[in-house]
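Here's the structure, in structure tokens; my notes come after.
Protein chains: 2
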Amino acid sequence: MAATPRPGAVDKRRLILDAAITVFAQQGFHHCRVSDVADEAGVAYGLVYHYFDSKEEMLNELFLERWQIMLDAIGEIDARDELPPREKLHLVAGFIIDSYRHEPDLMKVIIVEVTRAANSFGRIHLEKIREAYVKIAEIVESARQDGTFKQDISAQFAAMCFYGAIEQLLSGWIFDLLPQTEEEFERAKTLVVEAICGGLEVSPSPSTPAVSG
Amino acid sequence: MAATPRPGAVDKRRLILDAAITVFAQQGFHHCRVSDVADEAGVAYGLVYHYFDSKEEMLNELFLERWQIMLDAIGEIDARDELPPREKLHLVAGFIIDSYRHEPDLMKVIIVEVTRAANSFGRIHLEKIREAYVKIAEIVESARQDGTFKQDISAQFAAMCFYGAIEQLLSGWIFDLLPQTEEEFERAKTLVVEAICGGLEVSPSPSTPAVSG
DNA sequence: AGACTCGTTGACTGACGAGTCAATCTGGCT
DNA sequence: AGCCAGATTGACTCGTCAGTCAACGAGTCT
Chain Y
50 MAATPRPGAV
60 DKRRLILDAA
70 ITVFAQQGFH
80 HCRVSDVADE
90 AGVAYGLVYH
100 YFDSKEEMLN
110 ELFLERWQIM
120 LDAIGEIDAR
130 DELPPREKLH
140 LVAGFIIDSY
150 RHEPDLMKVI
160 IVEVTRAANS
170 FGRIHLEKIR
180 EAYVKIAEIV
190 ESARQDGTFK
200 QDISAQFAAM
210 CFYGAIEQLL
220 SGWIFDLLPQ
230 TEEEFERAKT
240 LVVEAICGGL
250 EVSPSPSTPA
260 VSG
Chain S
50 MAATPRPGAV
60 DKRRLILDAA
70 ITVFAQQGFH
80 HCRVSDVADE
90 AGVAYGLVYH
100 YFDSKEEMLN
110 ELFLERWQIM
120 LDAIGEIDAR
130 DELPPREKLH
140 LVAGFIIDSY
150 RHEPDLMKVI
160 IVEVTRAANS
170 FGRIHLEKIR
180 EAYVKIAEIV
190 ESARQDGTFK
200 QDISAQFAAM
210 CFYGAIEQLL
220 SGWIFDLLPQ
230 TEEEFERAKT
240 LVVEAICGGL
250 EVSPSPSTPA
260 VSG
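See the structure below:
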């Protein structure tokens, strides 16, 4: 499999992975050919199979690599006990949005190709994805315990809503349904937290239970 | 193409579409063969191509058919002027969640294969998907105008968060990350609206802007 | 130099599966 | 009965592409 390249030598494995990001993002995982990745990397077809067992393995690698970085980041944010929960969520949202801002292709691949394939691929991905929800839920749970968050909304449920809102924003950017400017990215970080934590309503009704149809 | 079947005769076209729902949901659109659909429908391979031009057309058909129903439903909900915006959103959430409850396979296919894959398929779908966001945004906008919703969160942004939260819940059910019981479905309808409209926090800070890291 | 290892090449193979098509069936109509 | 139109069949074609492999190159050690 992969060997550590001599210093100064180009890391072909990395080169191929980066090419895969570009190609997967542009054409989609299922619609591109392995030869497209090789071409993009400026490398012979066979070399791809020197470093990876299969086309799918490249996708796995890209996902696991990036997702782990995110899990670590969320973990670190959660560990900063001096921060109030809302601020933690703000940092989490910021991290994910910045991930997209700096590596839109990679995030596109992860969201569009992996989340979607989570059913046909191994359970490893689902487990990793779940980890993120769990970590976010922990932040929410601490807020429920200190009384700032509502009791009747479970932490797990809230975490799904929070993450879903963020992922939807990324989807909006990915598919050009939302404007992509630096200001928008920055605003989104604050607004998504404001929307989920503070709610859309101006003055909430804390005692009034939700309307039922 | 398709002809109206004699009354009493089985509508083979419908039979094939229903089989496609099952097969696409189980194996995924890309991983299944057209013969799988034919087998599931108990029909000869060639008949699939009598009713549909391609494998993709079946998916298009399933999506457009169902999505239009949803767009109509949202439109009708929005038209009921006697309802407060929050209640409208509650009905929209209820409609989508019930769609999943009654036809989980179909919704799985739409979410997993179309909504998230709008990338590789034609832009027609994107336009249809956007319509849903726009309609939800209209509901939010009316709430902003009558002063119940915050001014600093745009209707479009709020609509994305709202829809994203709901789709994430469906994803959670689809991938068995959330429990699927009748009670959960019912609770979710109310809670997702409560989370987004009322917010997660017990007492919001209307004057205090969000903290910035 | 010779031998060995590991990176690199790209033509080739083999399987797979979408889509075709000529033949067959069915039921209605005259 | 004989004819026709549309439904139905499934074996076959044919392009595509993931994955293989035998050969070549470049650096290293003895």
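One line per chain: the protein sequences are Y and S, in this order.
Just so you know, we're using our numbering here: the first sequence kicks off at 50 and counts up by one.
Just so you know, we're using our numbering here: the second sequence kicks off at 50 and counts up by one.
Virtual Cβ for every residue (Gly too), placed ideally from N, Cα, C.
Predicted, not measured: the structure shown is a model, and the values here were computed from it.
Residues of chain Y with CB under 9 Å from residue i, in chain order?
i              : result
F144 (chain S) : Within chain Y, no residue comes near F144 (chain S); the closest Cβ sits about 10 Å away, beyond 9 Å.
L218 (chain S) : F206, M209, C210, G213
L227 (chain S) : Q205, F206, M209
G95 (chain S)  : Ordered by position in chain Y, no residue passes the 9 Å Cβ test against G95 (chain S), which lies about 25 Å from the chain.
Assuming contact is defined by CB atoms lying nearer than 8 Å, are residue i and residue j in contact in what I supplied?
i              : j              : result
F78 (chain Y)  : L108 (chain Y) : yes
I202 (chain Y) : A244 (chain S) : yes
K137 (chain S) : I215 (chain S) : no
Y182 (chain S) : L226 (chain Y) : yes
D154 (chain S) : T230 (chain S) : no
A74 (chain Y)  : V158 (chain Y) : yes
K238 (chain Y) : A122 (chain Y) : no
S191 (chain S) : P228 (chain S) : no
I65 (chain S)  : A90 (chain S)  : yes
I118 (chain Y) : L140 (chain Y) : no
V97 (chain S)  : T197 (chain Y) : no
L120 (chain S) : E180 (chain S) : yes
K177 (chain S) : W116 (chain S) : yes
G248 (chain Y) : G213 (chain S) : no
V161 (chain Y) : R165 (chain S) : yes
A68 (chain S)  : L111 (chain S) : no
Q205 (chain S) : A186 (chain S) : yes
K104 (chain Y) : V83 (chain Y)  : yes
D85 (chain S)  : Q76 (chain S)  : yes
L175 (chain Y) : F234 (chain S) : no
DSSP puts residue i in a beta bridge; with which residues?
i              : result
E250 (chain Y) : S:F198
Grouping DSSP H, G and I as helix and E and B as strand, with all else coil, what is residue i?
i              : result
S261 (chain Y) : In this prediction, S261 (chain Y) scores a pLDDT of 48, lower than 50, which makes its location untrustworthy; no coordinate-derived value is stated.
A68 (chain S)  : helix
D60 (chain S)  : coil
G77 (chain Y)  : coil
D225 (chain S) : coil
E131 (chain Y) : coil
A142 (chain S) : helix
S103 (chain S) : coil
E152 (chain S) : coil
R82 (chain S)  : coil
T230 (chain S) : coil
A214 (chain Y) : helix
A122 (chain S) : helix
G23 (chain S)  : Residue numbering for chain S in the displayed model covers 50 to 262; residue 23 (chain S) lies beyond these limits and cannot be assessed.
S203 (chain S) : coil
V242 (chain S) : helix
Which residues in chain S sit within 9 Å of residue i, going by Cβ to Cβ distance?
i              : result
T71 (chain Y)  : By Cβ distance, chain S contributes nothing, its closest Cβ being about 14 Å from T71 (chain Y), past 9 Å.
K199 (chain Y) : E243, A244, G247, G248, L249, E250, V251
H99 (chain Y)  : In chain order: nothing, as chain S lies at least about 26 Å away.
What residues of chain S sit near residue i, judged by a beta carbon separation below 7 Å?
i              : result
A207 (chain Y) : A244, L249
T230 (chain Y) : Correct list: empty, because the minimum Cβ distance to chain S is about 14 Å.
L175 (chain Y) : F224
Could you work out which residues of chain Y lie near residue i, taking near to mean beta carbons separated by less than 8 Å?
i              : result
I202 (chain S) : L240, E243, A244, L249
Is residue i near the ligand SAH, going by C-beta to nearest heavy atom under 7 Å?
i              : result
A128 (chain Y) : This structure lacks the ligand SAH; in fact it carries no ligand of any kind.
For residue i, return the contacting residues in chain Y, with the cut-off set at a CB-CB distance below 7 Å.
i              : result
G196 (chain S) : V251
A128 (chain S) : Result: empty, since nearest Cβ-Cβ is about 16 Å, beyond 7 Å.
R179 (chain S) : L226
G221 (chain S) : M209
Y149 (chain S) : Those do not exist, as Y149 (chain S) stays about 14 Å from chain Y at its closest Cβ, beyond 7 Å.
For the segment 205-220 of chain Y against the segment 145-156 of chain Y, do three or more pairs of beta-carbon atoms, one drawn from each stretch, fall closer than 8 Å, so that the two count as touching?
yes
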